[in-house]
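Q: Questions regarding the structure given below will be posed in turn.
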Amino acid sequence: MRTIRAAYRKLHESGCFVQPNPWDAGTARWLRAKGFPALATTSAGFAWSKARPDMDVPLDLMLGYIAEMVEATPDLPVNADFENGYAGDLETLARNVKLCVATGVAGFSIEDATGDPAHPLYDFDTALARIRVARKAIDETGEDVMLTARAEAYLHGHPEPLKEVIRRLEAFSEAGADVLYAPGPKTREDIAAIVKAARGKPVNVVVFADIGMTVADLAALGVRRISIGSALAKAAFTAFDQAAELLAKEGSFKGFAGIMPSGPLNGFFSDDFKQRRSDDR
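Position 71 (the sequence shown) corresponds to 222 in my numbering; numbering is contiguous.
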């Protein structure tokens, strides 16, 4: 585990890498086989797989999913979307951070969104205190787990999102965050401004859809890490829904055109399962 965590930290030292987001063991193993150097959880994708809306997964269920991703890919670092730490108060936040570290993750994120539509963001001082508490809780475990601090102003209708996320990310960096992350900016100018404000700290950009930029484009802006959140889960649900809709409304099987046959799927998982059993010996 120490080796995996050290490798994850090294990934953030230079260049740019993509860590996609599986929602179960099968998708985690498939993405591993594609050669990605790290994976991340998706709270939304996992929630939908459990017939729940995003932000409505209890802590114990989420910790079980995070641990499953770590167990499914023991040779890859896993970063957890840990939302707001599943805690409103600082004492519970510290406890939950330690529970997350115990799953074996190489890193996790804490966001400044409250989950309350009436007050969507923690005020600046509270958000900063929460990052400090998370940092201290990690340090108390003695484990080399990376802390990503998320500033959510773009996603919650702030009138000046760029200005606010820069203010918060600069403070979060000083409070001990290893990686800075503001989901939502879509222009090169905003992304470049966030990277500049990070002053060398790694910046994560999440790509939910086709934003007209490639991995190489984001790397050229100085982005160190790219995640895709629930995008792959939504892509899977989109194809599933289109095929189901044709079947239900038209009695048509056209939605199955071009799908992957069972042979390659069974072949992959058969070989993969044999490899895992061999590795465990």
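Each residue gets a CB set at the ideal place from its N, CA and C atoms; glycine is no exception. Nothing here was measured: the structure is a model prediction, and the numbers come from that model.
#1: Beta-carbon separation of Leu244 and Val284 under 8 Å?
#2: Under 8 Å by Cβ, that's how I've got Leu306 and Gly335 pegged, so tell me the actual separation to the nearest angstrom.
#3: Leaving out five residues on either side along the sequence, give the residues of the same chain with a beta carbon under 8 Å from the beta carbon of Ala395.
#4: Considering Cα atoms alone, identify which of Thr254, Phe233, Gly258 and Arg286 is closest to Thr265.
#5: Give a yes or no on whether the C-beta atoms belonging to Ala300 and Ile282 are separated by under 8 Å.
#6: By the three-class DSSP mapping on this structure, what secondary structure does Asn172 have?
#7: Pick from Gly258, Asp205, Ala280 and Asp361: whose alpha carbon is nearest that of Asp491?
#8: Could you tell me which residues DSSP puts in a beta bridge with Ala288?
#9: Would you please state the rounded distance, in angstroms, between the beta carbons of Val248 and Ile217? I believe it to be under 8 Å.
#10: Using CA atoms only, rank isn't needed, just tell me which of Val366, Asp295, Val296 and Asn235 is closest to Tyr273.
#11: Asn355: buried (16+ other C-beta within 10 angstroms of its C-beta) or exposed?
#12: When the distance is taken between beta carbons, is Trp174 closer than 8 Å to Ala384?
#13: Three or more C-beta pairs under 8 Å: does that hold for the segment 160 to 176 against the segment 375 to 389?
#14: Per DSSP, what kind of secondary structure is Ile345 in: helix, strand or coil?
#15: What are the boundary residues of the beta strand (DSSP E) that includes Ser200?
#16: With DSSP as the reference, identify every bridge partner of Met206, one or two as the case may be.
#17: Check whether chain B comes within 8 Å of Met364, counting only Cβ atoms and requiring the distance to be less than that.
A: In short:
#1: Yes, these two residues count as a Cβ contact at 8 Å.
#2: Between Gly335 and Leu306 the Cβ distance is about 5 Å, and since that is below 8 Å, they are a contact.
#3: Gly406, listed in sequence order.
#4: Comparing Cα-Cα distances from Thr265 to each of Thr254, Phe233, Gly258 and Arg286, the minimum goes to Phe233.
#5: Yes, Cβ-Cβ distance for Ala300 and Ile282 is below 8 Å.
#6: Correct three-state label for Asn172: coil.
#7: As shown, the chain starts at 152 and ends at 432. That puts residue 491 outside it, with no answer to give.
#8: According to DSSP, Ala288 bridges with nothing at all.
#9: Their Cβ separation, rounded to whole angstroms, is 12 Å, which puts Val248 and Ile217 out of contact at 8 Å.
#10: In terms of CA proximity to Tyr273, Asn235 leads the group Val366, Asp295, Val296 and Asn235.
#11: Asn355 is classed as buried because its beta carbon has at least 16 other beta carbons within 10 Å across all chains shown.
#12: Less than 8 Å separates the beta-carbon of Ala384 from that of Trp174.
#13: The answer is yes - the segment 375 to 389 touches the segment 160 to 176, with three or more Cβ pairs under 8 Å.
#14: Reduced to three states, the DSSP call for Ile345 is helix.
#15: Per DSSP, Ser200 lies in no beta strand (DSSP E) segment; the continuous alpha helix (DSSP H) that holds it begins and ends at Ser194 to Ser200.
#16: In DSSP, Met206 forms no bridge with anything.
#17: Looking for chain B here will not work: only one protein chain is present.
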